Amino acid sequence: MFAGFMEREDGLGDSLDDYVAYKFSSAIHKMRKLIVTALECADHEQHTQEELLIQAETISCRFAARLPELQELLLKDVQAGFDGDPAAKSKEEIIFCYPGFFAIFVYRIAHELYVSQVPYIPRMMTEYAHSGTGIDINPGATIGEYFFIDHGTGVVIGETTEIGNNVKLYQGVTLGALSTRKGQLLADVKRHPTIGNNVTVYSNASILGGETVVGDNSTIGGGAFITSSVPANTRVQVGAV
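If you read the sequence shown in my numbering, its first letter stands for residue 1260, the second for the next number, and so on.
Quick look at the structure:
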């Protein structure tokens, strides 16, 4: 996605195109093998090895075809980070240094595998990002473009959360469920909130429940605890002075 930013292997020449082609081919090959392993572990219907290989190949090809759109999304997320933080000196700094962007980066890729119903791997990916950043984004969440998480530590975004475009979250924000006492009975049920477009949610706010909708162009103040819908163009303030 950002060739040469994270690593560069020796012996691949000076051509960026050659380097990207090599990394792309290598990554898709490794992904295909991992997907086969995951499918085998989750296979309760006793598919043949050939059937699993075909399924993995289909998923890998679909993922590869989506890479240009994924990169475009990530570039918009980088731009959102740069535009939204006056402390950022460059977009390169967002890519190199910002835990919020790293968590989004991993989420975007994991989400593609999630919608292709790859078992285990998407959640392993986002938990890897969670362990390093303190930001917990379930790969099932649906997140629009131009998304930014500032500071980030303690952010939780649940599986059925829906987030629109141009949304900014600060540290400690929870987009969660009202209750999970019913356990597996809630599987596949919308239990996390919907956040509209052009919304800012400040630190330590909690927005809970599958029927809770935060309307477009709203601002949620720090420390708010919200369990019912907020109309568009609303500013929610807690303990304002």
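Where a beta carbon is used, it is the ideal one built from N, C-alpha and C, also for glycine.
This structure is a prediction, so every number in the text was calculated from the model and none was measured.
To the nearest angstrom, how far is the alpha carbon of GLN1376 from that of ARG1382? The residue you call residue 1376 lines up with position 117 of the sequence shown. The residue you call residue 1382 lines up with position 123 of the sequence shown. Spanning the two alpha carbons is a distance of roughly 11 Å.
Taking the Cβ atom as the reference point for each residue, do VAL1415 and LEU1434 lie within a distance shorter than 8 Å? Here residue 1415 refers to the residue found at position 156 when the sequence shown is read from its first residue. Here residue 1434 refers to the residue found at position 175 when the sequence shown is read from its first residue. Result yes, Cβ atoms of VAL1415 and LEU1434 sit closer than 8 Å.
I think GLY1481 touches VAL1495, with their Cβ atoms under 8 Å apart; what is that distance to the nearest whole Å? Taking the sequence shown and counting its residues from 1, the one referred to as residue 1481 is at position 222. Taking the sequence shown and counting its residues from 1, the one referred to as residue 1495 is at position 236. That belief does not hold up - the Cβ atoms of GLY1481 and VAL1495 are roughly 10 Å apart, past 8 Å.
Leaving out five residues before and five after ILE1479 in sequence, what residues of the same chain have Cβ atoms less than 8 Å from its Cβ? Stepping through the sequence shown from its first residue, residue 1479 is reached at position 220. Closer than 8 Å at the Cβ level, and outside the excluded window around ILE1479, lie VAL1458, THR1459, VAL1460, TYR1461, ALA1464, ILE1466, VAL1473, ILE1485, VAL1489 and VAL1495.
Take every Cβ of the stretch 1348-1358, pair it with every Cβ of the stretch 1416-1426, and state whether three or more of those distances are shorter than 8 Å. no
When the Cβ atoms of the stretch 1328-1336 are set against those of the stretch 1278-1289, are three or more pairs found closer than 8 Å? no
Contact belief for ALA1323 with ILE1294 at Cβ below 8 Å, rounded distance in angstroms: Translated into positions along the sequence shown, residue 1323 becomes position 64. Translated into positions along the sequence shown, residue 1294 becomes position 35. About 12 Å separates the two Cβ atoms, so there is no contact after all.
Give the DSSP-derived three-state secondary structure of GLU1201 in the structure shown. The question about residue 1201 has no answer, for the chain in this structure spans 1260 to 1500.
Among SER1438, ASP1409, THR1439 and MET1260, which has the Cα closest to the Cα of VAL1426? By one-based count along the sequence shown, residue 1426 stands at place 167. Among SER1438, ASP1409, THR1439 and MET1260, the Cα nearest to that of VAL1426 belongs to ASP1409.
Thinking C-alpha only, which one of GLY1431, GLY1423, GLY1468 and GLN1430 is nearest LEU1552? Residue coverage of the chain in this structure runs from 1260 to 1500, which leaves residue 1552 outside it and unanswerable.
Within 10 Å of its beta-carbon, does LEU1275 have 16 or more other beta-carbons around it, so buried, or fewer, so exposed? Sequence index remark: in the sequence shown, residue 1275 carries index 16 (1-based). It counts as exposed.
Helix or strand or just coil, what does DSSP make of ASP1395? Here residue 1395 corresponds to residue number 136 of the sequence shown, with the count starting at 1. It is a strand residue.
Starting from THR1317, trace the alpha helix (DSSP H) in both directions and tell me its first and last residue. Sequence index remark: in the sequence shown, residue 1317 carries index 58 (1-based). 1308-1343 is the span of the alpha helix (DSSP H), which, as asked, contains THR1317.
Name, in chain order, the residues that DSSP records as bridge partners for THR1433. For the purposes of this step, residue 1433 is identified with residue 174 of the sequence shown, where counting begins at 1. Note: THR1433 sits in a beta bridge opposite VAL1415 and SER1465.
DSSP three-state label for LYS1289, please. For the purposes of this step, residue 1289 is taken as the residue at position 30 of the sequence shown. Helix at LYS1289.
Taking C-beta to C-beta, are GLY1411 and ILE1396 nearer than 8 Å? Counted from its first residue, the sequence shown places residue 1411 at position 152. Counted from its first residue, the sequence shown places residue 1396 at position 137. Not closer than 8 Å, so no.
Short check: CB of VAL1374 to CB of ALA1388, under 8 Å? Locating residue 1374 in the sequence shown gives position 115, where the first residue counts as 1. Locating residue 1388 in the sequence shown gives position 129, where the first residue counts as 1. For VAL1374 and ALA1388, no; Cβs fall outside 8 Å.
TYR1379 and ALA1297 look like a contact to me (Cβ under 8 Å); what is the Cβ gap, rounded to whole Å? As a position in the sequence shown, residue 1379 is number 120, starting the count at 1. As a position in the sequence shown, residue 1297 is number 38, starting the count at 1. Correct: roughly 5 Å between the Cβ atoms.
Quick check: what's the CA-CA separation for GLY1403 versus ASN1424? Here residue 1403 refers to the residue found at position 144 when the sequence shown is read from its first residue. Here residue 1424 refers to the residue found at position 165 when the sequence shown is read from its first residue. Cα to Cα, GLY1403 sits roughly 5 Å from ASN1424.
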